[in-house]
Every structure is written in structure tokens, then in C-alpha cells.
Amino acid sequence: MASEEKVRVFVAVELPDTVKAEFAGLAAAIDALGVRGARTVRPEGIHLTLKFLGDVSVERVPEIRDAMDFASDEVAPFDLSLGDAGVFPNPRATRVLWVGVEGDLDSLGRLQQRVEESLAELGFRPERRGFNPHITAGRVRDRVSNADRRRVTETLLSHEYVRPPIRVESISLIRSTLHPDGAMYEPIYGVGLGGD
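Per the numbering used here, numbering of the sequence shown is gapless, rising by one per residue and ending at 198.
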């Protein structure tokens, strides 16, 4: 029996080129450190994840699109901007490099909650942790020394960047294809906010 075709997908807010340009500068600063095991996200691939779904059958994509349509219908477009940078889980054990967002966080939270709830009705497990909106800038592997981990963290936290506006007018279903040199992202569906 043939195995069913699956796609690795997530729901996200795509970001404008002005934001991607800021992440290109940040990536260049981190990459210039030459720390093996510290990998930045390609600027063209940055996004603000609302819900990671993982590997799902391609047959489920239409119902996921319907859930996105429902989730986006009652949230009007809103504005965000880049916020402060940080790391997960903490500066002494940096694994994930991120930049937060500021602005209309109430609308963002409402949108994320509607996405979460509409997908839960389809059987997707709700996230146990609270929504912590951020844009992943990179990752640091376990084998990186503490000294190099500190250098990467300090570079992220001290990096100067402008905070261009982010007008959130739609959400996208994005396919993630894993490659040895990082994930490649392809939007496969988008829906406007407020019923657009």
C-alpha cells in the first residue's frame, strides 16, 4: 500500500521586504562571527508563526484553508513593528535567536487564538504554552562552546536596526521543506483579514 503524501506546514504572517532587509543585516553580523553551529534564518524565509501544524496529509489542506478563512474573517488588518531581541531558553543556554514584535498585540493575539481554535476543531492539538509572538532569526546547536554562544547572544542583543512598520493584512499557509542547509518556505495559500 502506498503511503499518503504529506506536507510540512504552518500558518504565519508573511513579512515585508523592509523587515527582511533588517534581518539580512542581523544575519550578516552573526555570520561574520564565524561560529560553527550558529545558523541564521535566510532573510527571505522569515515569518511570524501563528500555528505550526507539522506533517499533514495533503488531503487535509482544503479543510485547513477553510479554518484559516474562518479565523481571519473577524479580525481587521492591524499594525506591528519589530521589537526587542531575545533568546530561548535563556542567555546562558542560547538555542534560539529571535526578534519580538510591538504594536497592536491585542489584535495579533486575537488572530492567533482564532487560528488555534479553528484548527483545534479539526483535531490539531492546541499549543500548551501561551503565544509568545516572535520572529526566529537563527539557532545555535548544542555543540557550540559557551564562549561562542555568548558572542552570538551579545551580537544579537547589541545589533542596531530600524523598526519598519508591519501592516498585517493577511495570513498564509506555508509549506516547509527541510534541506541540509536549512528549511525552504513556500506559501501555498493566503487569506485576507476581515473577510478580504
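Every residue gets a Cβ at the ideal spot worked out from N, C-alpha and C, and that includes glycine.
Beta-carbon gap between residue i and residue j smaller than 7 Å
| i | j | result |
| --- | --- | --- |
| glutamine 114 | leucine 52 | yes |
| arginine 165 | aspartate 81 | no |
| phenylalanine 12 | isoleucine 190 | no |
| alanine 34 | leucine 99 | no |
| histidine 136 | glycine 105 | no |
| arginine 97 | valine 37 | no |
| leucine 17 | phenylalanine 126 | no |
| leucine 195 | valine 15 | no |
| aspartate 68 | arginine 10 | no |
| threonine 157 | alanine 31 | yes |
| serine 178 | tyrosine 187 | yes |
| proline 167 | serine 83 | yes |
| alanine 40 | valine 193 | no |
Strand pairing of residue i, partner residues [DSSP]
| i | result |
| --- | --- |
| arginine 10 | Asp57 |
| leucine 82 | Gly105, Ile168 |
| alanine 87 | Val101 |
| threonine 42 | Gly140 |
| histidine 161 | Answer by DSSP bridge pairing: none, since histidine 161 is not bridged. |
| leucine 180 | Ala185 |
Residue i - DSSP class collapsed to helix/strand/coil
| i | result |
| --- | --- |
| leucine 17 | coil |
| proline 189 | strand |
| valine 77 | coil |
| leucine 50 | strand |
| leucine 175 | strand |
| leucine 113 | helix |
| glycine 36 | coil |
| glycine 125 | coil |
| glycine 196 | helix |
| asparagine 148 | helix |
| proline 93 | helix |
| serine 135 | Per the sequence presented here, residue 135 reads as proline, with serine not at that position. Correct three-state label for proline 135: coil. |
| glycine 27 | helix |
| arginine 153 | helix |
Neighbour-count burial assignment, residue i, 16 or more Cβ in a 10 Å radius
| i | result |
| --- | --- |
| arginine 94 | exposed |
| serine 59 | exposed |
| methionine 70 | buried |
| serine 120 | buried |
| alanine 206 | The shown model of the chain, from 3 to 198, leaves out residue 206, and the question about it has no answer. |
| methionine 3 | Model confidence at methionine 3 stands at a pLDDT of 47, short of 50, so the residue's coordinates are unreliable and nothing is read from them. |
| alanine 23 | exposed |
| leucine 124 | exposed |
| leucine 159 | exposed |
| threonine 42 | buried |
| leucine 28 | buried |
Below-7 Å beta-carbon distance, residue i vs any chain D residue
| i | result |
| --- | --- |
| isoleucine 190 | The structure shown contains no chain D, having only a single protein chain. |
The ligand HEM heavy atom lying under 6 Å from the CB of residue i
| i | result |
| --- | --- |
| tyrosine 187 | You won't find the ligand HEM in this model; it holds no ligand whatsoever. |
Worksheet item: Does the count of Cβ pairs from the region 89 to 100 and the region 109 to 117 closer than 8 Å reach three?
Response: no
Worksheet item: For the 8 Å Cβ check, are there 3 or more pairs between the region 145 to 158 and the region 63 to 75?
Response: no
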